[in-house]
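Just below is one structure, and these are the notes that go with it.
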Amino acid sequence: MTGNNELTLPGSSSAAVSAAMLAAHSADISTSLLVIEAAQRLALKQATKRIRPTQFGANEFVRLSELLRSAISNRDEAVFSCQTASVTAGTYSESEGLRKYRLKDEHGTEDEFARPSPRRPSDLQSNVGTVKHLDPPAPVTDERPHASLLATDRALSSELRLEALREWIASDPEAASQFVATELHRNDSQSNWSRIVIYAAEAIRFQDSRVREQVASDLLHHAVRLRHSTSSEDAPVVLCAIRRAGSIIPEDRLSEFLPLLTAGSPIDTRLVTLQAITAVFNCSPPTASVDVQKLSERIVTLAEKHWDTDVFKAGEVSAIAIEATIAATVLGASQAIDLGTLALRTCRQLLVGKLRTRLQCVMQNWHSVSPGSRNAELIEAMVSHLNSAE
Amino acid sequence: MVEETAFFAGTVVLKDRIDGVQARRFAVVGIYSLTNRPFVVHAALLARDHELKGECHLPLFHMGPPLATGDGHVCHLLGQVGLTNEEIEAIDDWVASISTQYCETIILPFQQYVVCPHMVWVNSEEGRPLRQRFSCVGYVIEAYRSAGIELIETERLPEVDKELLKVAYPDFAQMERIAQKPKGTAILANTKGFQGFDDLGAPGDGPWRVALAGYLFHATDRYRDNPVRPPTFVATRIEEASFPLG
Numbered sequence: 400m401t402g403n404n405e406l407t408l409p410g411s412s413s414a415a416v417s418a419a420m421l422a423a424h425s426a427d428i429s430t431s432l433l434v435i436e437a438a439q440r441l442a443l444k445q446a447t448k449r450i451r452p453t454q455f456g457a458n459e460f461v462r463l464s465e466l467l468r469s470a471i472s473n474r475d476e477a478v479f480s481c482q483t484a485s486v487t488a489g490t491y492s493e494s495e496g497l498r499k500y501r502l503k504d505e506h507g508t509e510d511e512f513a514r515p516s517p518r519r520p521s522d523l524q525s526n527v528g529t530v531k532h533l534d535p536p537a538p539v540t541d542e543r544p545h546a547s548l549l550a551t552d553r554a555l556s557s558e559l560r561l562e563a564l565r566e567w568i569a570s571d572p573e574a575a576s577q578f579v580a581t582e583l584h585r586n587d588s589q590s591n592w593s594r595i596v597i598y599a600a601e602a603i604r605f606q607d608s609r610v611r612e613q614v615a616s617d618l619l620h621h622a623v624r625l626r627h628s629t630s631s632e633d634a635p636v637v638l639c640a641i642r643r644a645g646s647i648i649p650e651d652r653l654s655e656f657l658p659l660l661t662a663g664s665p666i667d668t669r670l671v672t673l674q675a676i677t678a679v680f681n682c683s684p685p686t687a688s689v690d691v692q693k694l695s696e697r698i699v700t701l702a703e704k705h706w707d708t709d710v711f712k713a714g715e716v717s718a719i720a721i722e723a724t725i726a727a728t729v730l731g732a733s734q735a736i737d738l739g740t741l742a743l744r745t746c747r748q749l750l751v752g753k754l755r756t757r758l759q760c761v762m763q764n765w766h767s768v769s770p771g772s773r774n775a776e777l778i779e780a781m782v783s784h785l786n787s788a789e
Numbered sequence: 002m003v004e005e006t007a008f009f010a011g012t013v014v015l016k017d018r019i020d021g022v023q024a025r026r027f028a029v030v031g032i033y034s035l036t037n038r039p040f041v042v043h044a045a046l047l048a049r050d051h052e053l054k055g056e057c058h059l060p061l062f063h064m065g066p067p068l069a070t071g072d073g074h075v076c077h078l079l080g081q082v083g084l085t086n087e088e089i090e091a092i093d094d095w096v097a098s099i100s101t102q103y104c105e106t107i108i109l110p111f112q113q114y115v116v117c118p119h120m121v122w123v124n125s126e127e128g129r130p131l132r133q134r135f136s137c138v139g140y141v142i143e144a145y146r147s148a149g150i151e152l153i154e155t156e157r158l159p160e161v162d163k164e165l166l167k168v169a170y171p172d173f174a175q176m177e178r179i180a181q182k183p184k185g186t187a188i189l190a191n192t193k194g195f196q197g198f199d200d201l202g203a204p205g206d207g208p209w210r211v212a213l214a215g216y217l218f219h220a221t222d223r224y225r226d227n228p229v230r231p232p233t234f235v236a237t238r239i240e241e242a243s244f245p246l247g
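Which chain is which? The protein sequence lines are A and B, in order.
Counting with my numbering, you get residues 400 to 789 for the letters of the first sequence.
Counting with my numbering, you get residues 2 to 247 for the letters of the second sequence.
Here it is, written out as structure tokens:
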């Protein structure tokens, strides 16, 4: 054991490298850099003998991806599989201004290190603060496997596949998008990798409308499953999946949103689902042949409950009430005007104004594609009703 | 007329006030440049009511990036406009609605951020709204806009040249240096989804009309001892990126 400012790992140097890599993906970036630096200083000298030591100058940070690629090219299973060490949760000691983490190797031996309190944020800081470490000491591009090979290799850790996927998205977005679509459709993915492909679905574009339809359906499938997760890591994943699905789902598959409009799961999906439904009809009204009855009924119920004076309050409840009222109006629910009356009863002028402005925006968007539709008339009536508060 | 409130309105440089300042939720807080005080490099919303004694760690809602709730950031400036209860509720609604866009940035962090304009919507392949990109200033501007308060005039902003942008975004120079290397742009794209300065709203060599964080604090300072809400602040010179003016 050492003091708080250094990392030592009693295990092999490979274990130290693995710990550093795992920590790099488990903690925030400044922690990662500290770990990598410490691992390099204290253990990597041995490991890098097999990883072309000339790549790393004595005082340079090791770039994680370079390290991983080198490990692969040297077939160092212990390094790149990340199976030899793990990082447990960190604790924060405000009085010392230090953040402590513990590392544990494969023998159960733990060690502790700390990093200074978080850097002051500035715009781009969290991105660009790492840039100096992205400056590679030497190009190795031509000597490592292609990013697509790494991303598709299920034997590799999800962290390594993520690095490769990023690169693949940048170099060949169309092929990468096909791969992401395929991965989303699989049900046997590990949870970490599953999260990565969901996030990736938002980062890329799917050119084929049939692929988009499948991706939307798969995203909602993942969201329905993951909303019951108790892991805090899954909350933003679920929100991302629903938001992305709403941006591409065909309107005749809207009923797939229904299970996400119920409460009772650890991850509340109602607000983001309502936003997703509204997004579907941002540009044009629902097609008459599409049955939105059940969805519309559920949304009206949600709106009524959230406008209830015993329940209503600012923040998420209010946001759900507003979004449900907009969605109900857009879908042409017959109770829409009644929901407007409930909104007026809050006596919140700003809220009513926001509701009115949002509906006016939808009406403007629809005007060019479907002037005078029944739903457009309902929106117009709703706006007039909300104007009556003034 | 402005509603009576126990919270002062105006801008306070926190290191000058160790006696304690009552700050209300959604006050604007600022962070100075590490090397160029009083140039302001970051702005955010205070996440809850707080008594501030000098420069201190504060809970924030902000665009870091990423879009997030933040904790433990040492803040140097406080700007308050005397928000009414209804205005606070409106911002509360807005923060809740934006919270569904909180997202890890493990794939392409730059997708959440934009320098100019202060906020843009990203649309999907179908032309539907997917999410918003903000600058840190844009996040604050839009939050207050949801409460009917236009802090700064975003259609009339002073031109900012590249040198000043590097001060406002301390890592800008470093990114530029890397991007100019043979494989630099590819490295940034591979690792961060960086698609060039054009994508961030800063094409070419500038100048650009960027909403800088310091403007917000000149805007809030005009609410001090003012029984009537002042009109929207119009930044007229880039020196107003510092608070107070040198």
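Beta carbons: idealized from backbone N, C-alpha and C, even for Gly.
Buried or exposed for A/R553, please, with buried defined as at least 16 other CB atoms from any protein chain shown within 10 angstroms of its CB.
exposed
Which residues in the same chain as B/E88 place their Cβ atom closer than 6 Å to its Cβ, once the five residues preceding and following it in sequence are excluded?
A148
Below 8 Å, how does it come out for the stretch 192 to 209 of chain B and the stretch 772 to 783 of chain A: are there three or more Cβ pairs, yes or no?
no
CB of B/A144 within 8 Å of CB of B/F218, strictly
no
In the DSSP assignment, find the alpha helix (DSSP H) that holds A/P572 and state where it starts and stops.
P572 to H584
Thinking C-beta only, is B/V29 closer than 8 Å to B/L53?
no
Closer than 9 Å, Cβ to any Cβ of chain A: which residues of the stretch 134 to 153 of chain B, in chain order?
S136, C137, V138, S147, A148 and G149
Cβ neighbours of A/E632 in the same chain (closer than 8 Å, five flanking residues each side left out)
R594
Just mark B/R238 as buried or exposed, buried being the case when its beta carbon has 16 or more other beta carbons within 10 Å.
exposed
Taking the alpha helix (DSSP H) that A/Q692 belongs to, which residues open and close that run?
Q692 to W706
Ends of the beta strand (DSSP E) at B/D72?
L68 to C76
7 Å CB neighbourhood of A/P770 in its chain, flanking five on each side removed
none
How far does the beta strand (DSSP E) with B/F198 in it reach, from first residue to last?
Neither: B/F198 is in no beta strand (DSSP E) and is coded neither H nor E.
So is B/E151 buried or exposed if we call it buried at 16+ other beta carbons inside 10 Å?
exposed
With distances taken between CB atoms, is the gap from B/A220 to B/S136 smaller than 8 Å?
no
Cβ neighbour criterion (16 or more within 10 Å) applied to B/I19:
exposed
First and last residue of the uninterrupted beta strand (DSSP E) at B/F135:
P130 to F135
If I measure Cβ to Cβ from A/A640 and keep anything under 6 Å in the same chain, skipping five residues before and after, which residues do I get?
I597, L618, H621 and A622
Let me know the secondary structure DSSP gives B/Y224 once reduced to three states.
coil
Straight-line gap, A/R565 to B/Y140 (C-alpha atoms, nearest Å)
27 Å
Buried or exposed by the 16-neighbour rule on C-beta atoms within 10 Å, applied to B/C76:
buried
Kindly give me the distance between the Cβ atoms of A/I676 and A/L653, rounded to whole angstroms, as I take these residues to be in contact under 8 Å.
7 Å
Establish whether the CB of B/S125 and some CB of chain A are separated by less than 8 Å.
yes
State the CB to CB distance for the pair A/L750 and B/A97, rounded to an integer number of angstroms; the pair is presumed to be in contact (CB under 8 Å).
Actually they do not touch by this definition, with Cβ atoms about 12 Å apart.
Jot down the residue ranges of each uninterrupted alpha helix (DSSP H) in the stretch 30 to 106 of chain B, minimum 4 residues, whole runs only, in chain order.
86 to 99
Using a cut-off of 9 Å between C-beta atoms, extract the partners of A/E582 located in chain B.
Result: empty, since nearest Cβ-Cβ is about 13 Å, beyond 9 Å.
Against chain B: residues of the stretch 659 to 690 of chain A by CB proximity under 7 Å
L670, V671, Q674, A678, V679, N681 and C682
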